[in-house]
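Colleague: Sharing a structure, written as structure tokens. Questions coming.
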Amino acid sequence: MKELTKAEEQVMQVIWKIGQGFANEIMAAFPEPKPAYNTVLTTIKILETKGFVKHETFCRSHRYQAVISKEEYSKQFMGSVVARYFNNSYLDLVSAFAKKENLNLEELESLKKLIDEAIDNEKNKKE
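Reminder that position 122 of the sequence shown reads as 122 in my numbering, one-by-one numbering, no gaps.
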């Protein structure tokens, strides 16, 4: 799966948020300042070419929807980040966040809770 550019990701975020929509609905869902209408249409066409978006035709209008879910893309993208920046190790990724100076105690405790839950889930799978 190809990675999205910043502009493509912004359009996809809107499409994921609204589920499906015509170009004017997609534009309306953008936060201010909104990009140019033609820029959004061009980006949607690129996303269709890349296989992220498909459309249905109604008269002369197209209704767009995501082909790939946000969760599916996030999982793939995170795997790519972990491979490139953390030696393909999720342990290195979590360690980098845990050592980050601006994590407060509440965030560290939440992270620990998530890890403890993951450990319990793995133990239950083996039983």
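From the three backbone atoms N, C-alpha and C, an ideal C-beta is built for every residue, glycine too.
(1) Which residue or residues does DSSP assign as beta-bridge partners of residue 61?
(2) Who pairs with residue 86 in a beta bridge, going by DSSP?
(3) Does residue 51 come out as helix, strand or coil in the three-state DSSP assignment?
(4) Under a three-way DSSP split, which group does residue 30 fall into?
(5) On a CA-only basis, which of 125, 109, 14, 62 is nearest residue 69? Give me that one, please.
(6) Which same chain residues, not among the five before or five after residue 67, have their C-beta less than 8 Å away from its C-beta?
(7) Would DSSP call residue 36 helix, strand or coil?
Modeller: From the atom records:
(1) Locating residue 61 in the sequence shown gives position 61, counting from the first residue. Paired residues: 58.
(2) Position 86 of the sequence shown, counted from the first residue, corresponds to residue 86. Under DSSP, no beta-bridge partner is assigned to residue 86.
(3) Counting from one through the sequence shown, the residue named residue 51 turns up at place 51. Coil at residue 51, not helix or strand.
(4) Along the sequence shown, read from residue 1 onward, the residue named residue 30 stands at position 30. Residue state, collapsed to three classes: coil.
(5) Here residue 69 corresponds to residue number 69 of the sequence shown, with the count starting at 1. The shortest Cα separation from residue 69 among 125, 109, 14, 62 belongs to 14.
(6) Mapped onto the sequence shown, residue 67 falls at position 67. Excluding positions up to five away in sequence, the list reads 51, 52, 53, 54.
(7) Residue 36 sits at position 36 when you count from the first residue of the sequence shown. Coil.
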